[in-house]
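The next block holds one structure in the form of C-alpha cells; read it before the comments.
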Amino acid sequence: MMEFLSVLIPGLAVGAIYGLVALGFVLIFKCSGVLNIAQGQLVLVGSFICYTLSIQLGIPFYLALVLTLGMSYLFGVLIEVVLLRPMVGQPVLSVVMITIAIFFILSSLVMIFYGATYYNYPTYLPTEKVQVAGIAIATKYLWCFILAAVLFVGVFLFFRFTNQGIAMRSIADDEMAAESLGVNVRRLHGVAWGLSFAVSAGAGVLLGTVMTVYYGLGFIGLKAIPAVIVGGLESLGGAMVGGLIIGGLEAVAGVYLAPLSQFLGGIKDVFPYVILMLVLLVKPYGLFGERRIERI
C-alpha cells in the first residue's frame, strides 16, 4: 500500500496540472462553444515565457510568473478578437481548423527560438522530501498540487461570485437570452479566452517545475483532452476531477503495467486514452456532463 501511495500522490499532483489545462478547455467551450485544440500549446508557451523572463531577463521568478499570466491573458483576448470573432456564424469545422493552425504555429515558433533543448527554472520551491502518512514525497509535488488547487478555486470563485463570472455563466446557459438582457457577449468571449490562456500558462509553469521546460510540454498538455472528456465538457469541477483521474491512473500504469511495455510500448502515454474510451462507452457526456434535450 505504501508503495502504491508513493506512486499515486505524485501522479495526482501532475493530474491537478492536467485539470488546470482541462479547465481552460471548459472555459472556452462553455462560453463560446469552441473546442480549442491549441490549448496544450499554451502549456508550452506559458512555460517558455516564464523561463525567458526569469532566466534570460533576470526578473524575479514570482514576478515573472505574474507577468506570464498577464501576457497569456492578453494573448488569449487578442486571438479571440483577431482570429475567432470574425468566424462567428461560420461552420464549426472552420473554427476548429483555426485552432489546429494555432497549435502548429505556436509549436513551430518555440522550436525555432528554443530548439529541442531542455531548460530548468530557478529553484523556487523547497527541494527536500517530506513524510506524508509515512511516505516520502518530494515537496515540489505537494506545492504544485496546492498551487493548482489555488488557481482552480480562484477561477471557481470568479464564476460563482463576480458579475462577469455570473454573466459568463448566463452565456453558457443561453447566449441569445443573455444578449437580450444586455450582456456584452462578444467582450465576455474575449475574457473567457484570456482566462483560459492564463490558466493554461500557469499550468505550463507548474508542469515545467515538476518535469522540465522543453518542446514536448505542449504534447503532454494534450493529455488534458481525455481529462476534460472524462469530467464533462461543460463542468468546471469535472475538469479537475478528470485531470486527477488521468494523472493518477497514468502514474500507476507507468509503474504497475511497466512489464507490458515490451509488448505495448508507451503504455503509460496511451493509458489515458484507453480510460477515455471506457468512460465514453458508459457515460457519453462524461462523469459530470449533462445531457441536453432540445425541443424541435
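Its first residue numbered 1, the sequence shown is counted upward by one per residue in this note's numbering.
Ideal Cβ positions, reconstructed from N, Cα and C, are used throughout, including at glycine.
Sub-8 Å separation of residue i and residue j beta-carbons
i: residue 151; j: residue 199; result: yes
i: residue 247; j: residue 16; result: yes
i: residue 278; j: residue 29; result: no
i: residue 252; j: residue 8; result: yes
i: residue 204; j: residue 14; result: no
i: residue 206; j: residue 148; result: yes
i: residue 257; j: residue 267; result: yes
i: residue 51; j: residue 118; result: no
i: residue 145; j: residue 236; result: no
i: residue 69; j: residue 177; result: no
i: residue 65; j: residue 155; result: no
i: residue 21; j: residue 110; result: no
i: residue 2; j: residue 208; result: no
i: residue 84; j: residue 34; result: yes
i: residue 18; j: residue 223; result: yes
i: residue 197; j: residue 75; result: yes
i: residue 48; j: residue 183; result: no
i: residue 127; j: residue 36; result: no
CA-to-CA distance, residue j to residue i, given in whole angstroms
i: residue 211; j: residue 250; result: 15 Å
i: residue 25; j: residue 225; result: 8 Å
i: residue 229; j: residue 276; result: 7 Å
i: residue 189; j: residue 31; result: 6 Å
i: residue 112; j: residue 55; result: 18 Å
i: residue 122; j: residue 71; result: 20 Å
i: residue 242; j: residue 40; result: 16 Å
i: residue 174; j: residue 138; result: 45 Å
i: residue 163; j: residue 91; result: 31 Å
i: residue 62; j: residue 125; result: 11 Å
i: residue 171; j: residue 191; result: 12 Å
i: residue 286; j: residue 245; result: 12 Å
i: residue 108; j: residue 274; result: 29 Å
i: residue 106; j: residue 115; result: 13 Å
i: residue 96; j: residue 103; result: 11 Å
i: residue 296; j: residue 88; result: Confidence at residue 296 is low in this model, with a pLDDT of 49, below 50, so the placement of that residue is unreliable and no value is reported for it.
i: residue 141; j: residue 238; result: 22 Å
i: residue 231; j: residue 166; result: 22 Å
i: residue 129; j: residue 6; result: 12 Å
Residue i in three-state terms, based on DSSP
i: residue 16; result: helix
i: residue 136; result: strand
i: residue 34; result: coil
i: residue 150; result: helix
i: residue 296; result: Because residue 296 sits at a pLDDT of 49, beneath the cut-off of 50, its placement in the model cannot be relied upon, and the following sentence gives the value as read from the coordinates. Residue state, collapsed to three classes: coil.
i: residue 223; result: coil
i: residue 272; result: helix
i: residue 284; result: coil
i: residue 233; result: coil
i: residue 244; result: helix
i: residue 218; result: helix
i: residue 289; result: coil
i: residue 23; result: helix
i: residue 257; result: coil
i: residue 4; result: helix
In DSSP terms, what residue i is bridged to
i: residue 131; result: 136
i: residue 213; result: 119
heavy atom of the ligand SAM below 7 Å from residue i C-beta
i: residue 12; result: Among the components of this structure there are no ligands whatsoever, and the ligand SAM is therefore not found.
For this session: Give, in chain order, every unbroken run of the alpha helix (DSSP H) that is at least 4 residues long and sits entirely within the segment 90 to 128.
Result: Counting only runs of 4 or more, we get 92 to 114.
Exercise. Counting only runs that start and end within the segment 34 to 95, where is the alpha helix (DSSP H) found for 4 or more residues in a row?
Worked result: Here the runs fully enclosed are 39 to 51 and 61 to 79.
Exercise. What alpha helix (DSSP H) runs, 4 residues minimum, are completely inside the segment 154 to 188?
Worked result: If we require 4 residues or more, the alpha helix (DSSP H) runs fully inside the segment 154 to 188 come out as 163 to 173 and 175 to 180.
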